[in-house]
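The sequence shown stops at residue 363 when you use UniProt numbering, and every number in between is there. All C-beta atoms in this analysis are idealised placements derived from N, C-alpha and C, irrespective of residue type, glycine included.
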Amino acid sequence: NKNAKPGKVMSTSQHMGACPHAWRHHQHHRGRMWAASPAILRQLFLLRSLSPPRTALLLPGAGAGGCCCSSSSTSLRRHAMATSASASAGPVYEADAEAVVRRITPPLDRARHKGQAGKIAIIGGCREYTGAPYFAAISALKVGADLSHVFCTRDAATVIKSYSPELIVHPILEESYSVRILTEVAKWMERFDCIVVGPGLGRDPFLLDCAGNIMRHARQANIPTVVDGDGLFLITNNLSLVEHNSLAILTPNVYEYKRLVQKVLNCEVNEENASEQLTALCQKVGGITIMRKGKADIISDGKTVTQVSTFGSPRRCGGQGDILSGSVAVFASWARHFLLSNEYPTEKRLCSITISPHSDSSY
Numbered sequence: 001n002k003n004a005k006p007g008k009v010m011s012t013s014q015h016m017g018a019c020p021h022a023w024r025h026h027q028h029h030r031g032r033m034w035a036a037s038p039a040i041l042r043q044l045f046l047l048r049s050l051s052p053p054r055t056a057l058l059l060p061g062a063g064a065g066g067c068c069c070s071s072s073s074t075s076l077r078r079h080a081m082a083t084s085a086s087a088s089a090g091p092v093y094e095a096d097a098e099a100v101v102r103r104i105t106p107p108l109d110r111a112r113h114k115g116q117a118g119k120i121a122i123i124g125g126c127r128e129y130t131g132a133p134y135f136a137a138i139s140a141l142k143v144g145a146d147l148s149h150v151f152c153t154r155d156a157a158t159v160i161k162s163y164s165p166e167l168i169v170h171p172i173l174e175e176s177y178s179v180r181i182l183t184e185v186a187k188w189m190e191r192f193d194c195i196v197v198g199p200g201l202g203r204d205p206f207l208l209d210c211a212g213n214i215m216r217h218a219r220q221a222n223i224p225t226v227v228d229g230d231g232l233f234l235i236t237n238n239l240s241l242v243e244h245n246s247l248a249i250l251t252p253n254v255y256e257y258k259r260l261v262q263k264v265l266n267c268e269v270n271e272e273n274a275s276e277q278l279t280a281l282c283q284k285v286g287g288i289t290i291m292r293k294g295k296a297d298i299i300s301d302g303k304t305v306t307q308v309s310t311f312g313s314p315r316r317c318g319g320q321g322d323i324l325s326g327s328v329a330v331f332a333s334w335a336r337h338f339l340l341s342n343e344y345p346t347e348k349r350l351c352s353i354t355i356s357p358h359s360d361s362s363y
């Protein structure tokens, strides 16, 4: 500014020049930037989640005879599927995902210590794929977990560490079988509330075999397991890893789901009887939970079917499924803790988590 004196700091109004509306425009621009910041968006989401519930919550998996926490109206509405759907598949409920999350989210309490809001582990990450495990791990933290670990190969570890200092990265997976890997993972396993197997794992036979052994160890320790990405490729060829495991949650996309249906039911995907086929698939594998991602996400544990049709981003880019898997891991750990708490001491089964992968994931 030619009117500025040496050593004198110009005021904002002087920087605006002679335009009488410049200051107003400047403030409006700053306000728009502030309102669009990720921090503010997350806070607005939390405020909305903490507001008094407007709907009731039917606990996931409770079915028609389950526990219902009542309020002004019901949170799960009966939703009519295709008119040709078989009645034997039972009713399909539209889930109020926000009410479910609000109910199971642990309260902010000064008496709590680090780790009580969730400790999540991601099993995946190799030389070719470093983004997928990062998205899964960081989304777990963004949703509300206290600690997020990544078990990956040495080639991927430094890259993943450089993405965020918040992640705890273990470069112990190897592209050759080693007993040392299982020994190292076993030291950590019982600390976790849920593990996610598959994001960025790749299809190296030795890595897949290692991931399979980790899944067996998690099952023995009764740790919920979310399976996504290359983990679904692994279990499609080795169903015994998840058979009769009520703590297993699969999150297949359209192609992964098609391979599962062909392998387990020996038929093609039937869109007209989608809920019936999904229920049959869950029952055939042995009571696992499957979240079939799509235009409307359908979730079943082989007994009940829930749908989330809330519309979100129309984009279908890489990484969205990884964000979902990390988020589901947190929700699964919260739901299990909620069901095993004093309020429902006899409930022992982890059920469907009715969260849409196409909901706003910016928080």
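Per DSSP, reduced to three states, the secondary structure at Thr236 is helical. Comparing alpha carbon positions, the residue from Asp155, Glu174 and Lys114 closest to Ser148 is Lys114.
Shown here, Ser325 sits in a helix according to DSSP, grouped into three states. When beta bridges are read from the DSSP output, Ile120 appears opposite Ser148 and Cys194. Using a Cβ distance threshold of 8 Å, Val150 and Phe331 do not count as a contacting pair. Collapsing the DSSP output to three states places Ala332 in a helix. As DSSP reads the structure, Ser300 sits in a beta bridge with Ile290 and Val305. DSSP places His217 in the helix class (H, G or I) of the three-state scheme. By the neighbour-count criterion, in which a residue is buried when 16 or more other Cβ atoms sit within 10 angstroms of its Cβ, Val254 is exposed. Exposed is the label assigned to Asn222, since fewer than 16 other Cβ atoms lie within 10 Å of its Cβ.
DSSP, reduced to helix, strand and coil, places Ala111 outside both helices and strands of the structure shown, so it counts as coil. Contact annotation: the segment 289 to 308 does not touch the segment 115 to 125, with fewer than three C-beta pairs closer than 8 Å.
Selection Asp146, Lys263 and Gly287 evaluated against Ala329 yields Asp146 as nearest (Cα-Cα). Closest in C-alpha terms to Phe233, from the list Ala121, His217, Gln262 and Ser246, comes Gln262. Shortest Cα-Cα distance from Leu281 to any of Pro106, Ile249 and Trp188 involves Ile249. One alpha carbon belongs to Val185, the other to Ala296, and they sit about 36 Å apart.
Rounded to whole angstroms, the separation of the alpha carbons of Ala218 and Met189 is 7 Å. Residue burial is scored here from C-beta neighbours: Asn266 has fewer than 16 other C-beta atoms within 10 angstroms and is therefore classed as exposed. Beta-bridge partners of Ile249 (DSSP): Val226 and Thr289. DSSP, reduced to helix, strand and coil, places His244 outside both helices and strands of the structure shown, so it counts as coil. Pro107 counts as exposed, since fewer than 16 other beta carbons sit within 10 angstroms of its beta carbon. Note on Pro205: under 16 other CB atoms within 10 angstroms of its CB, so exposed under the neighbour-count rule. For Ile160 against Trp334, the beta-carbon gap comes to about 25 Å, at or over 8 Å, which does not count as contact. For a cut-off of 8 Å, the C-beta gap from Leu173 to Thr153 is around 5 Å, short enough to register as a contact. A straight line joining the alpha-carbon of Ser275 with that of Ile298 spans about 7 Å.
About 6 Å separates the CB atoms of Asp230 and Gly202; that is less than 8 Å, so the two are in contact.
If you draw a straight line from the Cα of Phe192 to the Cα of Ala121, it is about 7 Å long. CA-CA distance, Ser240 to Arg110, rounds to 43 Å.
Boundaries of the beta strand (DSSP E) around Pro171: Ile168 to Leu173. Excluding residues up to 5 positions away in sequence, Cys152, Thr153, Asp155, Ala156, Leu173, Glu175, Gly200, Leu201, Gly202, Asp204 and Leu207 lie with their Cβ nearer than 8 Å to the Cβ of Cys126 in the same chain. Take the alpha-carbon of Ser164 and the one of Thr130: they are about 12 Å apart. Here Thr158 carries a helix assignment [DSSP, helix/strand/coil]. Counting the other Cβ atoms within 10 Å of the Cβ of Gln220 gives fewer than 16, which makes it exposed. Scanning Val226, Leu340, Leu324 and Asp96 for the CA closest to the CA of Gly294 turns up Leu324. If you check the CB distance, Ile195 and Val242 do not come in under 8 Å. In chain order, Gly131, Ala132 and Phe135 place their CB closer than 8 Å to the CB of Gly319, counting only its own chain and leaving out the 5 sequence neighbours on each side.
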